[in-house]
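Colleague: Here the numbering used here is used: the first residue of the sequence shown is 1, the next is one more, and so on.
C-beta atoms are modelled at their ideal positions from N, C-alpha and C, and glycine is treated no differently.
Here the structure is a predicted model, which means the values were calculated and not measured.
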Amino acid sequence: MNNKVVYFAGLNGIRAIAALAVVVSHITIALKDFGLNPHVLGSFQDGTPKGYILGGYGVTVFFVLSGFLITYLLLCEKDNHSVNIKKFYVRRILRIWPLYYLYLLIAVTVIILYGLDFSIKSLILYLFYAANVPFILGIGLPFIGHYWSLGVEEQFYLFWPWFIKKTKNLIVPIFTMTIGLVGIKLMHHMFYPNSLLESIIHVTRFHCMMIGAMGAILLKNNYTLFLKLVDNKFTQSICWIIMILVAINKFHFISVIDNEIISLVSLCIIIGQIKVYNRIVNLENNIFDFLGKISYGIYVIHPLLIFFFSKVLNGIEVNIYWKYCIVYFSILSTTIFISYISFEYFEKFFLKLKKNFVVVNSAAKKNEFN
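1) Alpha carbons only, please: which of S266, A107, A216 is nearest the one belonging to I238?
2) For L291 versus A21, is the C-beta spacing smaller than 7 Å?
3) If we cut at 7 Å on Cβ distances, does F118 have a partner in chain D?
4) Nearest CA to the CA of F206: which residue from A30, V358, F63?
5) Can you give me the start and stop residues for the alpha helix (DSSP H) that A21 sits inside?
6) Who are the Cβ neighbours of H202 in its own chain at under 7 Å, not counting the five residues just before and after it?
7) Based on Cα-Cα distance, which residue from I70, I254, I270 lies nearest to W160?
8) By a C-beta neighbour count over all protein chains shown, 10 Å radius and 16 as the cutoff for buried, is C325 buried or exposed?
9) Where does S310 fall in DSSP's three states?
10) For G140 and L150, what's the separation of their Cα atoms in angstroms?
11) In the structure shown, what three-state DSSP assignment does S362 receive?
12) Run through DSSP, which three-state label would L186 get?
13) Nearest CA to the CA of L116: which residue from I144, L245, N314?
14) Shortest alpha-carbon distance to I294 belongs to which of P193, F234, L227, T334?
15) Please classify F386: does DSSP put it in a helix, a strand, or coil?
16) Could you give the first and the last residue of the continuous alpha helix (DSSP H) run that contains P193?
17) Give me, in chain order, the residues of the same chain whose beta-carbon lies closer than 6 Å to that of F88; leave out the 5 immediate sequence neighbours on both sides.
18) So, do the stretch 244–261 and the stretch 272–283 have three or more beta carbon pairs nearer to each other than 8 Å?
19) What does the alpha-carbon distance come out to for the pair I269 and K348?
20) The alpha helix (DSSP H) spanning P134 covers which residue range?
21) Under three-state DSSP, which class holds E344?
22) Which word fits F369, buried or exposed, when buried means at least 16 other C-beta atoms lie within 10 angstroms of its C-beta?
23) Going by DSSP in three states, G315 sits in which element: helix, strand or coil?
24) Measure from the alpha carbon of T167 to the alpha carbon of each residue in A19, D231, I217, then state which is nearest.
25) Which first and last residues belong to the alpha helix (DSSP H) in which I287 is found?
26) In chain order, which continuous runs of the beta strand (DSSP E) of length 3 or greater are located wholly inside the stretch 220–280?
27) Can you grab the Cα-Cα spacing for the pair A130 / I96, in whole Å?
28) Restricting to Cα atoms, I'd like to know which of Y114, G215, V83, W148 is closest to K165.
29) Going by beta carbon distance, what residues of the same chain come within less than 7 Å of T235, once the five residues before and after it are set aside?
30) Figure out for me which residue from Y192, F191, E198 has the closest Cα to the Cα of V182.
31) What residues in its chain sit with their C-beta under 7 Å from that of Y147, if we drop five residues either side in the sequence?
32) When the Cα of A98 is compared with those of V300, N361, L332, which residue comes out closest?
33) Compute the beta-carbon to beta-carbon distance between I27 and P49, rounded to the nearest angstrom, for a pair I have assumed lies under 8 Å.
34) So, using beta-carbon positions, are G378 and G297 closer together than 7 Å?
Quick look at the structure:
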């Protein structure tokens, strides 16, 4: 095992922002269950609350960050010796599976107890990390619809370490695959709008993870032009302005490629945090480190908490503006608290086991092995 620790500043902050964006989005969509207006941020032409799109952008940020980190660590492993595929998968299993299946069991129990829509066929897909399939087909189960993104990541991991291990010149094939997927998506959007293939590419977003991967390769090989383009005050300022527009639901360029733009923006912000000197916003602090550390739990558990709080808070009679505050604060604070409990007293056990299969040490924060 390589004793050198790979540490990237500020990335826990990016995890935290992405996770909280998803939670806020899902609370906003569910406001009707609290007797509040879910269209508080506006609506699309089909009547869908605009709060929905914030969660999608949050997942895109996760995808880019995941592609970046996984690829960088695999490259470090490849530098020292051949990529150990077995250990890679054991690490992924120990990090993802325990909470995934625990929450799945709890969610299915609640679904049955409350007599909600339930399908064994859909459940089987969730059990085998194909949650993006029911999501695409519109046959998802309550409380675990958000598992689609975890299914996408696990499917990406099925081939990505093999690809990194077997491919010598990575940039050209990754760039080609990325452009190919985006091109197919655009062609179908123009000539076969709302086709199944367009939906599959849009949901799976392998190309967004590949954008993160290309950033990892360029950073690791210290490509000067790339670093000059992304790591400067002007680029970083533009990227943060776009992120602010996303946060207040004012970002819209061309809907079919909005997630691809957010992917590029996310990559620039990742590089800006790592390189430190041209940061516009410093995400390297204790609060963001804490939230980033428990971000997986935040992402996984929040839908059930939204459901239970809707049962408690729906009937309370208070000023409507106070009610909005109570709903958002109650769900966010409880989600953070339970995620912390989950991390400390459940996930940590498996993370300690994960250390036995580490090839390249990485750290979530300075002086802390992760």
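Modeller: Taking the structure as given:
1) S266
2) no
3) In the structure shown, chain D cannot be found, because there is only a single protein chain.
4) F63
5) 11–29
6) K185
7) I70
8) exposed
9) helix
10) 14 Å
11) strand
12) helix
13) I144
14) T334
15) Here the chain has residues from 1 to 370 only, and residue 386 is not among them.
16) Where P193 is concerned, there is no enclosing alpha helix (DSSP H), given that its DSSP letter is neither H nor E.
17) P161
18) no
19) 29 Å
20) 132–137
21) helix
22) Because the pLDDT at F369 is just 35, under 50, the model does not fix this residue reliably, and the point stays unresolved.
23) coil
24) I217
25) 286–293
26) none
27) 14 Å
28) V83
29) L229, C268
30) E198
31) Y126, A131
32) Reading off the sequence, residue 98 comes out as Pro, not Ala. Cα-wise, what sits closest to P98 is V300.
33) Not quite, the Cβ-Cβ distance comes to about 11 Å (not below 8 Å), so this is no contact.
34) The displayed coordinates of the chain run from 1 to 370. Any statement about residue 378 would go beyond what the structure contains.
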